[in-house]
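First the structure, in the form of structure tokens, and then the observations on it.
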């Protein structure tokens, strides 16, 4: 697993900085550049604005905060071009995709530890899942998927050890809400029901 992670990170850096810029733009929506431009302005001290004048809050907060942190250092050190900032975003998303794969593989290995055939299917599933939001670079989709995959991994460990990591799971649920506030009415209730159903009777409270 460690070799896979190292090779994947090196490949991500290679793809983000050496692929043609016009090709990389195919992985983003129009809304992506609203996020990127607004976060870039915020990192420069211009506030939460798209045009540098009028305030806006048309974004989900957690992903926006990550973009601000990502842009702050290059903007502080030198005048960053839009192309360079977008390539940083590409790296950020590729690293999140790697994280999604790693945590899903670990989660399903915990569940199907002795079943080699299912493990092979899991590897195919995790590779396929990377392409579900392939055009969402610059949006919050991959961050939300990463949080969910970490939650599933934590739950899979609980099924083995019998522990209940209530504080960590609560933190992940709160992070998921901040990554997409509308998940309060869809994904978050499903995760809570899933967690409750798979918990032991003694720990259902």
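In my numbering, the protein residues as written are 330 to 534. Just so you know, even glycine gets a beta-carbon here, dropped at the ideal spot from N, CA and C.
Which residue comes first and which comes last in the alpha helix (DSSP H) that contains residue i?
i           : result
residue 349 : Note, residue 349: premise wrong, no alpha helix (DSSP H); not H, not E.
residue 527 : Premise fails: residue 527 is in no alpha helix (DSSP H) and is neither H nor E.
residue 473 : 470-490
residue 359 : 359-372
residue 498 : 495-508
Where does residue i land, buried or exposed, given buried means 16+ other C-beta within 10 angstroms?
i           : result
residue 469 : buried
residue 466 : buried
residue 358 : exposed
residue 331 : exposed
residue 492 : exposed
residue 348 : exposed
residue 428 : buried
residue 412 : exposed
residue 333 : exposed
residue 386 : exposed
What distance in whole Å lies between the Cβ atoms of residue j and residue i, which are believed to be in contact at a cut-off of 8 Å?
i           : j           : result
residue 505 : residue 476 : 5 Å
residue 507 : residue 391 : 4 Å
residue 480 : residue 501 : 5 Å
residue 315 : residue 362 : The requested residue 315 is not part of the displayed model; the chain covers only 330 to 534.
residue 425 : residue 471 : 4 Å
residue 344 : residue 364 : Actually they are not in contact, since the Cβ atoms of residue 344 and residue 364 sit about 21 Å apart, beyond 8 Å.
residue 513 : residue 484 : About 20 Å separates the two Cβ atoms, so there is no contact after all.
Please find out if some non-hydrogen atom of the ligand ATP comes closer than 7 Å to the beta-carbon of residue i.
i           : result
residue 417 : Absence of the ligand ATP from the depicted structure is noted, as is the absence of any ligand whatsoever, leaving it without description.
Continuous beta strand (DSSP E) assignments of at least 3 residues falling wholly in the stretch 376-414: Given a length threshold of 3 residues, the stretch 376-414 has no whole run of the beta strand (DSSP E) inside it.
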